[in-house]
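Residue numbers (this note's numbering): 242 to 437.
Every residue, glycine too, gets a C-beta built ideally from N, C-alpha and C.
Since the structure is predicted, the reported quantities are computational estimates derived from the model, not experimental observations.
Reviewing the structure listed below.
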């Protein structure tokens, strides 16, 4: 048993024709979770070796499972085929990461956030811009569960804006979490006078 799913959720299953002379057809079974009981997808024995089905792809269930069994003219079922797992195409972007804290010093801006809870996040992209600047610049890409970053490439008395985006294994991007700002403060200390 082989199969595929396209981006519209159309499943195409194929298998080899059985050698039994009194073969009536096949039963196709499916389920969303491999630990659950399978349901029959064909109301009557299917008399072909290709079966087309449609599944919902707007779901958080990553896989759909199929198996078939041959049926003879006395309606005796063969042993079922091994379970075939087909991965649904990923069309759901991950949940966003959410900033929780911003700490500033005279030389750094430290950011903390709650990472995205989506299980397929591959990377988090942190971006920065000077306040009121139209252009965002990518600062760094971080692992999926990283939850803090210290920006040391900052200047005193400059207000920086930060945003973070979760990117999953299919390249889908989350909505951008709310923007936070950080302004390294000026301690008032100056270097001593030299050469007077």
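- Beta-bridge pairing by DSSP links residue 280 to 271.
- Going by beta carbons, residue 418 and residue 338 fall inside the 9 Å limit.
- When Cβ pairs closer than 8 Å are counted between the two stretches, the segment 322–333 is seen not to touch the segment 383–391, the count staying below three.
- A residue is called buried when at least 16 other Cβ atoms come within 10 angstroms of its Cβ; residue 245 does not meet this threshold and is exposed.
- DSSP lists 364 as the beta-bridge partner residues of residue 384.
- Counting every other CB atom within 10 Å of its CB across the protein chains shown gives residue 365 a total of 16 or more, marking it as buried.
- In the three-state DSSP reduction, residue 395 falls in the coil class, being neither helix nor strand.
- Contact check between the segment 394–409 and the segment 354–368: three or more CB pairs, one atom from each, fall below 8 Å, which counts as touching.
- Nearest C-alpha to residue 313 among 262, 416, 302: 262.
- Secondary structure of residue 265 (DSSP, three-state): strand.
- Assignment of residue 371 by DSSP, reduced to helix, strand and coil, places it in the strand class.
- One alpha carbon belongs to residue 303, the other to residue 431, and they sit about 59 Å apart.
- For residue 287, no beta strand (DSSP E) encloses it, and the DSSP letter there is neither H nor E.
- According to the DSSP assignment, residue 426 belongs to no beta strand (DSSP E), since it is labelled neither H nor E.
- Beta-bridge annotation (DSSP): residue 336 is not paired with any residue.
- Take residue 299, set aside five residues on each side of it, and the residues of its chain with a beta-carbon closer than 8 Å to its own are 332, 333, in chain order.
- Secondary structure at residue 242: coil, using DSSP grouped into helix, strand and coil.
- The alpha carbon of residue 322 has as its nearest neighbour, out of 315, 329, 328, 306, the alpha carbon of 306.
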